[in-house]
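Worksheet: one structure, shown below.
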Amino acid sequence: MRLEFNEEHLLKLMKDFYILTNIRIVLFDDEFREVLSYPYTDCPFCKMMKQHPAAGALCKESDTHSFRQSRADKQLLIYHCHAGLIEATIPLVDNHAVIGYLMFGQISDAESLHDLEQMLLGVLKKHQLPAVKDCCRDIPLKTNEEIEAAAKIMEACTFYVLYDEAIALRRQNFVNNLQTYLRSHLQENLTAEAIADSLNISRSKLYLACDKNLGMGIAEYVRLLRIDEARRLLKETDYSITRIANMTGFADYNYFCRVFKKMTGVSAKKYRS
Numbered sequence: 001m002r003l004e005f006n007e008e009h010l011l012k013l014m015k016d017f018y019i020l021t022n023i024r025i026v027l028f029d030d031e032f033r034e035v036l037s038y039p040y041t042d043c044p045f046c047k048m049m050k051q052h053p054a055a056g057a058l059c060k061e062s063d064t065h066s067f068r069q070s071r072a073d074k075q076l077l078i079y080h081c082h083a084g085l086i087e088a089t090i091p092l093v094d095n096h097a098v099i100g101y102l103m104f105g106q107i108s109d110a111e112s113l114h115d116l117e118q119m120l121l122g123v124l125k126k127h128q129l130p131a132v133k134d135c136c137r138d139i140p141l142k143t144n145e146e147i148e149a150a151a152k153i154m155e156a157c158t159f160y161v162l163y164d165e166a167i168a169l170r171r172q173n174f175v176n177n178l179q180t181y182l183r184s185h186l187q188e189n190l191t192a193e194a195i196a197d198s199l200n201i202s203r204s205k206l207y208l209a210c211d212k213n214l215g216m217g218i219a220e221y222v223r224l225l226r227i228d229e230a231r232r233l234l235k236e237t238d239y240s241i242t243r244i245a246n247m248t249g250f251a252d253y254n255y256f257c258r259v260f261k262k263m264t265g266v267s268a269k270k271y272r273s
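Be aware that the sequence shown starts at 1, since it is given in UniProt numbering, and climbs by one per residue.
Written out as structure tokens, the structure reads:
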């Protein structure tokens with residue numbers, strides 16, 4: 001899917017984040033491609049690592065793993081990269097679909113610049129790269145408290161840019177058609193075969209498309225839409241919970257209650273009250 005964004009607006013936000021935290025922040029699309037960053041270039045150490053074939057492959061592998069993990073968990077992830085530096089990744093989720101990622105990094109939680117320098121020199125030596133005297137340049141030291149605070153600010157930025165439409169998604173026909181079909185057939189017994197037939201694609205292609213575009217399987221997505229609709233009906237109507245369960249495709253009332261509580265954290269009765 002193609003990620004669209006207001007570059008001027010988003011770049012201003014990135015600059016503000018950097019002024020406040022002194023941490024580089026980067027926007028990636030849903031294919032893990034870098035599309036915008038501030039500052040525009042990597043710090044000298046990371047730039048050298050990414051230009052080295054073996055080290056660069058490890059950098060890419062570390063980034064990819066973080067994207068996949070944060071997408072699976074649908075939440076912020078703070079971690080050490082393969083070189084020992086701190087990074088944080090958070091998915092941009094629009095209508096349950098992951099459309100991109102924000103990441104910050106190239107910072108350290110080392111106790112001192114000396115400790116950081118020794119760690120980086122060790123990494124350079126491991127990859128047989130030249131020992132650079134100022135390898136610590138542009139890598140700020142942060143306490144755990146500062147790192148967590150910066151991560152929370154970045155998390156708040158994701159909600160802001162999505163709400164303000166600084167970032168948007170040009171959805172493929174697949175996503176639009178899938179949502180239209182599912183929302184109008186929630187009361188029915190929705191099988192993968194029936195859904196695939198409605199979209200004129202094979203069942204295997206349906207599975208692949210859901211995993212790529214939604215970050216979840218078709219069964220999980222159907223349950224999510226059903227519970228979303230049940231929540232709406234509980235808020236906006238006086239229908240009995242049994243009727244709402246039937247209207248959203250749950251023939252078994254007890255199963256509906258279990259799924260609702262698992263996905264929302266509260267019972268349907270308590271949610272309504």
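For glycine and all other residues, C-beta sits at the position ideal for the given N, C-alpha and C.
Judged by beta-carbon spacing, Glu-188 lies beyond the 8 Å limit of Leu-76, meaning their Cβ atoms are not closer than that value. Counting other Cβ atoms within 10 Å of its Cβ, Lys-142 reaches 16 or more and is therefore classed as buried. Separation of the CB atoms of Arg-272 and Gly-249 is rounded to 19 Å, and the pair is thereby denied contact status at 8 Å.
C-alpha of Glu-7 to C-alpha of Ser-108: approximately 28 Å in a straight line. For Val-26, the enclosing beta strand (DSSP E) stretches over residues 24–29.
Gly-122: member of the alpha helix (DSSP H) spanning 113–126, first to last residue.
Within its own chain, the residues whose Cβ lies closer than 8 Å to the Cβ of Gly-217, once the five positions on either side in sequence are excluded, are Tyr-207, Cys-210, Asp-211, listed in chain order.
Exclusion of the five residues before and after Gly-122 leaves no residue of its chain whose Cβ lies closer than 6 Å to its Cβ. In the three-state reduction of the DSSP assignment, Met-103 falls in the strand class. Inclusion of Ala-54 and His-114 in the CB contact set at 8 Å is not warranted, their separation being larger than that value. With fewer than 16 other Cβ atoms from the protein chains shown falling within 10 Å of its own Cβ, Thr-191 counts as exposed. If you draw a straight line from the Cα of Thr-21 to the Cα of Glu-61, it comes to about 26 Å. If only uninterrupted alpha helix (DSSP H) runs of at least 4 residues are considered, those enclosed by the stretch 190–254 are 192–199, 203–214, 218–236, 241–247.
In terms of Cα proximity to Ala-110, the closest of Gly-84, Leu-102, Val-93 is Gly-84.
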